[in-house]
Amino acid sequence: MLIIISGASRGIGKAIALRLAQKKCKIAILARNEEELLQTQTEMQAIGAEVLALACDITQEEAVKNAAQNIITTFGTPTILINNAGVGKFRTMADFSVEEFDNMMNVNIKGSFLLTKYFLPAMQQAQQGHIIAIASDVSKRTFFSGSLYCATKYAQDAMFSALRKEVRKDNIKVSVVYPGMVNTYFESNTFVNRPERLDADDIAQAVEYIISVPKNVVIDEITIHPLQQEY
Ligand code: NJP
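As structure tokens, then:
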């Protein structure tokens with residue numbers, strides 16, 4: 012089994028990486044911050060996983076293409092791709108800069124498109140695979156100051172829901188996870204260490220469940236909220 016996880020340098024991606032490392036399989040992890048990524052790699056190796064850590068900006072096509080080639084050459088056919096990397100900025104519309112718009116669109120939509128584009132052909136050739144997107148509960152609702160973030164997460168949800176229909180014939184599963192509020196470094200620490208929020212490992216547990224079901228079963232969607240979150 013070969014698992015690829017984007018955004019594994021911290022937060023939800025790192026929690027998924029550490030939980031799936033317990034399967035002692037091959038895992039490739041991607042993010043831009045090399046130091047944090049190598050720290051994740053060290054922790055995963057201590058658990059027993061075989062890990063390839065690649066610094067990669069998923070908004071850059073050449074970087075993603077090279078990373079995919081490198082991972083497939085090193086580890087073989089990809090089994091599971093987890094599109095987790097994402098950014099969120101929360102402001103009223105007129106206060107957003109164009110750079111913030113571009114960055115959110117590029118990471119949340121283009122980045123998960125590029126990773127999927129470059130891993131999908133190998134999965135199709137093998138006639139097996141599983142693509143998972145960490146979207147958001149705001150893929151299905153909106154909130155004050157969330158106009159652009161919600162737009163990216165609605166789009167990500169639509170992209171992967173449509174993909175599910177395309178790749179079913181190739182025995183490839185597509186699952187979308189919709190987390191509520193999670194204690195991570197998302198939006199510069201705003202959310203960290205708030206007891207009413209989910210732990211990143213709560214999302215990792217859901218991913219572990221999604222990949223554990225029998226071959227003929229697909230979990231299309233899973234929504235997870237902290238009990239006390241109002242939405
Ligand atoms: O965020 P954070 P989360 N190229 O900031 C990476 C969704 N979500 O774990 O590049 C490659 O701790 C970044 O690495 P680095 C959310 O939308 C969250 O909370 O080194 N990687 C880091 O590893 C997102 O899709 C909440 O900076 C890039 C990771 O992404 C996912 O959960 C609620 C990158 C972000 O880690 C993980 O977010 C919800 C790039 N260009 C959905 N840019 C929540 N936290 O409450 C960033 O509904 N990364």
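Letter by letter, the sequence shown follows residues 12 to 242 of the numbering used here. Backbone N, C-alpha and C fix where the C-beta goes; we use that ideal spot for every residue, glycine too. Predicted model, so just to flag it, every value in this text is computed and none were measured.
Every unbroken stretch of the beta strand (DSSP E) spanning 3 or more residues and falling wholly within the stretch 163-194 is given here in chain order: 183-190. Per DSSP, reduced to three states, the secondary structure at ALA19 is coil, with no helix or strand assignment.
Cβ neighbours of TYR129 within its own chain (closer than 7 Å, five residues either side excluded): VAL75, LYS76 and ALA79.
Residue ALA144 holds the alpha-carbon nearest to the alpha-carbon of PHE171 among SER158, LEU159 and ALA144. About 12 Å separates the beta carbon of ILE82 from that of SER17, a gap too long to meet the 8 Å contact definition. When the alpha-carbon of VAL98 is set against those of MET104, PHE112 and PHE86, the nearest one is in PHE112.
The continuous alpha helix (DSSP H) containing THR85 extends over residues 72-86. Judged by beta-carbon spacing, ILE23 lies beyond the 8 Å limit of VAL62, meaning their Cβ atoms are not closer than that value.
VAL188 is positioned such that its CB atom lies closer than 8 Å to that of ALA146. For the pair ALA26 and ALA96, the CB atoms are not nearer than the 8 Å cut-off. Restricting attention to VAL185, PRO237, HIS236 and PHE197, the CA atom closest to the CA of ILE221 is found in VAL185. Contact between HIS141 and THR90 holds: CB atoms are separated by about 7 Å, below the 8 Å threshold.
In the three-state reduction of the DSSP assignment, LYS37 falls in the strand class, which pools E and B. No heavy atom of the ligand NJP is found nearer than 7 Å to the CB of CYS161. For THR51, the enclosing alpha helix (DSSP H) has its first and last residue at 45-58.
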